[in-house]
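Just so we're aligned, residue 13 is where the sequence shown starts under the numbering used here, counting upward by one.
C-beta: ideal position from N, C-alpha, C; glycine also.
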Amino acid sequence: MKSEILNKLEILLQTENVLSVQKEFKQLSAQFRSLAAHGISDIDESEEDHEDDEHDDEVNAHVERVEVKTDTESSDKKEDTESIDEKAQQAETNEQKTRAVEVSDTAATPTIEAIDHKEGIDEKAQQAESDDVKSDHTETLKTAANMKDESAAEKTDLEVAQNENEGITEKAQQAESEKSKPEVVVTKEGAEEPTAMDEDDSEDDSKVESVAQTTDNVGIDEAMQRFKELTAQFKEKTEKQKGLKKREEEDTVKTAKHLLQELGLLVENEENISKAFNGFNAIQEKWKSLPKVSNDAYRELNAEYNKHAEKFFYNINIYKELKELDLKHNLEQKLLVLEDQRKLVDINDIRRMEVEVRLNQDRWNEIGPTYKEQWDKIKDEFWDLTRDVYKKVQDFYNQRREQQIKNYEIKEELLSRVKHLVSLDLKSNKKWQEKTAEIIEIQKEWKMIGYVPKDKTSIWKEFRKTSDQFFENKRAYYKEIRDEQDANKKRKMQLLSRAEELKDSEDWSEASSELIKLQKDWKEIGPAHQRDENKMWRKFREYCDHFFQKRKAHKSEESSEFEENHKAKNALLEELAAFEPGADRNKNIDTLKEFSEKWRGIGHVPYKAKDKVNKEYKRILDEKYGLLKIDRKEKEKIRFEQKLEDIKDNDKNDYLIRKEQDNIRNKISKLNTEAIQLENNIGFFANSKGAEKLKHEVELKIDKVKDEIDILKERLSMLRDA
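As structure tokens, then:
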């Protein structure tokens, strides 16, 4: 039987809401303790385990004696318990009735006659309020009845538990007479209040353990252990659900207070009656759907709710007096809006028309209801005017879209012109200026054209991008020009610096030649920036003019000297022409060298006679050397020695020597290249009779080139020693 009770306890433990089965769990626990205290195991187990039938008879007789003995005592205690329960039940019933009366009185909301523009709204509101009050009253009565039934059930359970407990105690006393007599009592509070289960269970378990230890049945200990585990689990689950229930009740109270706050704000602030009723009904529905809470909290919250409801219906009564004024005021306001809508039809400002027609619609919709007999007439006129205004706006936008399409076509043509300008390869400042002016005019035309359709607005980005590309190309061109002008400025500054060095030179011939070359180079270098070009040109011209004016003055002074030199050179030419070489070769060479020294000793001749006299001198000298029996190399060497002597006598001999060295090195480089090329060509000739002849000619050329290289190298050596 104990295992059956334990199975039931385990089933109750699996219940989702253990609070609802707490009383049943308590009763089964009391029965289990009774059985455990008497040492009674399951019926099936006792039949299988006990082999001695006589022992069973003794136990049964013992139980009967205990039951007979305790009948009288149980009867007395039962009467006392019933008397106590009847008094408690009567007091609790009176309290429930009092509570129901209070709730009924509080819920009685005065009926207020109100009027609404919709028929029957006051009656519905009052009926809803009355239903709420009745519902609350009925719920209270049901609660009282349920509590009464529960009290009666608890009373019956208590009587059974007391009787069982007394029998258990008596039997335990007989089974263990040498020990103290434990008393197991199940109080009314323990049976009625599940929350007191903790201490009772602890005390009863210890007593039952004391009794169970004296028995010989090992299964009792195992059952007792299982019973403790189930009791502990049930206790834990009960406490958890109590906490959850408490929090849920707190949330319910919090929600109820929030609804009361909303209702208070609705009563105080809402002026629109229709909205007020809608809001009130919504709050009322939420209020009805709230879970039940404790009686004290319910009484306080419901009283506050009824207070706000009473004030709400009081305000509805005031609406009866204001209704007529409200309808009249709304009619006046709608007529004003209607007049404003009439004026809109005649204005030409489409943007203003578009904005104000929407504002008038908003104003119209925000105004409340008016007299029904006036409403249909003004409503139709207002919306007819509204449609006329929107049609005018729509016609305007349709025409504007057609114009935008035309604008798009014009802008496409302008874009094409700009693309053409970008594709041009402009190479002069004049061309760039012309095309820049042209594209600026195109941009002005673009600005004069109106908008294009919204789906075509990308043409503006393309136009701007193309125009930017034109000006980017222009910037690149002028940057290149500026870079070139900067380079030209740098080169001309170098020429200017050299001209400044030569302007005071008295080497009239060399300085004059170099200045003339500088002028030629100046013209070949492109222009610098205009602000620099004019300034540098004036300075350069000043240096050149200074030199040539100075040279002109000098020439006027030495012209007579030049004429004397000219006469002396002509006389020397006659003497040289009359010279006849003798048999002594070396003496002839020395004589010709003396003529060269005399020639160099004579000064300058007039410029116009210079080339003629020098040419004649060279011709006669070559003729005289030709009469001498000397080879070509020696002849070239003698002539170069004469040239070298002329260079040494010059004021700028260092410059002339370096210049001559550079010329000789260039010639050697070219001859080396030519010799290499000729040597490479020999390898292409085949082994034939005709090829051998060509090969021989090439070899002669190679030898000649190498001889020239040797002569030039000798001249370089002479220049280094000079």
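Which runs of the beta strand (DSSP E) fall wholly inside the region 265-313 and span at least 3 residues, in chain order?
The region 265-313 contains no whole beta strand (DSSP E) run of 3 or more residues.
Suppose contacts are defined by Cβ-Cβ distances below 8 Å. Is F44 in contact with I17 by that definition?
The answer is yes: Cβ separation under 8 Å.
Work out the CA separation of I493 and W444 for me, nearest whole Å.
Using only the alpha carbons, I get a separation of about 12 Å.
Are the region 472-489 and the region 501-511 in contact at 8 Å, needing three or more beta carbon pairs?
Cβ pair count under 8 Å is below three, so no.
Taking the straight line between their C-alpha atoms, what separation do you get for S440 and E424?
One alpha carbon belongs to S440, the other to E424, and they sit about 29 Å apart.
For H741, does the count of other Cβ atoms within 10 angstroms reach 16, so buried, or fall short, so exposed?
Examination of residue 741 is not possible in this model, given that the chain is present from 13 through 734 alone.
Between R370 and the rest of its own chain, which residues show a CB-CB distance below 8 Å, the 5 nearest in sequence each way excluded?
Here the set comprises nothing.
Please confirm whether I357 and L397 have their CB atoms less than 8 Å apart.
Sequence check: residue 357 is Val here, not Ile. A contact, by the Cβ cut-off of 8 Å.
Classification of N500 by the beta-carbon crowding that lies within 10 angstroms, buried from 16 upward
It counts as buried.
Taking the alpha carbon of T382 as the reference point, which residue from V367, K515, D338 has its own alpha carbon closest?
Distance check between T382 and each of V367, K515, D338 places D338 closest, using alpha-carbon atoms only.
Let me know the secondary structure DSSP gives G613 once reduced to three states.
DSSP places G613 in helix when its eight states are reduced to three.
Same chain only: Cβ atoms within 6 Å of V349, ignoring 5 sequence neighbours per side
Close CB contacts of V349 within its chain, under the 6 Å cut and outside five residues either way in sequence, are with N372, R375, W376 (chain order).
Just to confirm, are H616 and N577 a CB contact at a threshold of 8 Å?
In contact: H616 and N577 (Cβ atoms closer than 8 Å).
Which residue wins for smallest C-alpha separation from K551, given the options S568, P593, K515, S525?
It is K515 whose Cα lies nearest to the Cα of K551.
Taking only the alpha-carbon atoms, compute the straight-line gap between L728 and P539 and give it to the nearest angstrom.
Roughly 41 Å between the two C-alpha positions.
Can you name, in chain order, every residue of its own chain whose Cβ lies under 8 Å from the Cβ of Y402, other than the five neighbours on each side?
Excluding positions up to five away in sequence, the list reads V369.
Is the CB-CB distance between K736 and L31 below 8 Å?
Here the chain covers residues 13 to 734 and nothing more, so residue 736 does not appear.
Would the beta-carbon of V405 fall within 8 Å of that of F482?
Result no, Cβ atoms of V405 and F482 do not sit closer than 8 Å.
To test your reading of the DSSP string, which unbroken beta strand (DSSP E) runs of 3 or more residues are found completely within the region 435-507?
Runs found: none.
So, do the region 669-686 and the region 714-729 have three or more beta carbon pairs nearer to each other than 8 Å?
They touch, by the three-pair rule.
Assumed close pair A309, V265 - CB separation to whole angstroms, cut-off 8 Å
Going by Cβ atoms, the distance from A309 to V265 rounds to 6 Å, so yes, they are a contact pair.
Measure the CB-CB distance between L731 and Q673 and report whether it falls below 8 Å.
Result yes, Cβ atoms of L731 and Q673 sit closer than 8 Å.
Assigned exposure category for M365 - 16 Cβ within 10 Å defines buried
With 16 or more other CB atoms across the displayed protein chains lying within 10 angstroms of its CB, M365 is buried.
In this structure, does DSSP put K361 in helix, strand or coil?
Per the sequence shown, residue 361 should be read as Asp rather than Lys. In this structure, D361 counts as coil in the three-state DSSP scheme.
Between which two residues does the alpha helix (DSSP H) holding T27 run?
Membership of T27 in any alpha helix (DSSP H) is not indicated, and neither H nor E is assigned to it by DSSP.
Q296 to A235, Cα distance in whole Å?
CA-CA distance, Q296 to A235, rounds to 54 Å.
DSSP state of Y317 mapped onto helix, strand, coil:
Y317 falls in the helix class under three-state DSSP.
Nearest to L426 by alpha carbon, out of D352, T267, W472?
The shortest CA-to-CA distance from L426 to any of D352, T267, W472 is the one to W472.
Host alpha helix (DSSP H) of K620 (start-end)
In the DSSP assignment, K620 falls within the unbroken alpha helix (DSSP H) covering 619-639.
Using beta-carbon positions only, say whether Q253 and N29 come within less than 8 Å of one another.
Yes; because the gap between Cβ atoms is below 8 Å, this pair is in contact.
Boundaries (first-last residue) of the alpha helix (DSSP H) holding K515
For K515, there is no enclosing alpha helix (DSSP H), since its DSSP letter is neither H nor E.
Less than 8 Å between C-beta atoms, sequence neighbours within five positions excluded: which residues of the same chain meet that for H566?
Taken in chain order, the residues that qualify are E518, W520.
Minimum C-alpha distance to E474 - residue among D361, V434, E248, K620:
When only C-alpha atoms are compared, the closest one is V434.
Buried/exposed call for L436, threshold 16 Cβ in 10 Å:
So L436 ends up on the exposed side.
Suppose the cutoff is 6 Å on Cβ atoms and the five residues either side in sequence are ignored; what does the same chain contact list for I330 look like?
Cβ-Cβ distances below 6 Å link I330 to nothing in the same chain once the five nearest sequence neighbours on each side are left out.
Quick check: K504 and I452, are their CB atoms within less than 8 Å of each other?
Going by C-beta atoms, K504 is not nearer than 8 Å to I452.
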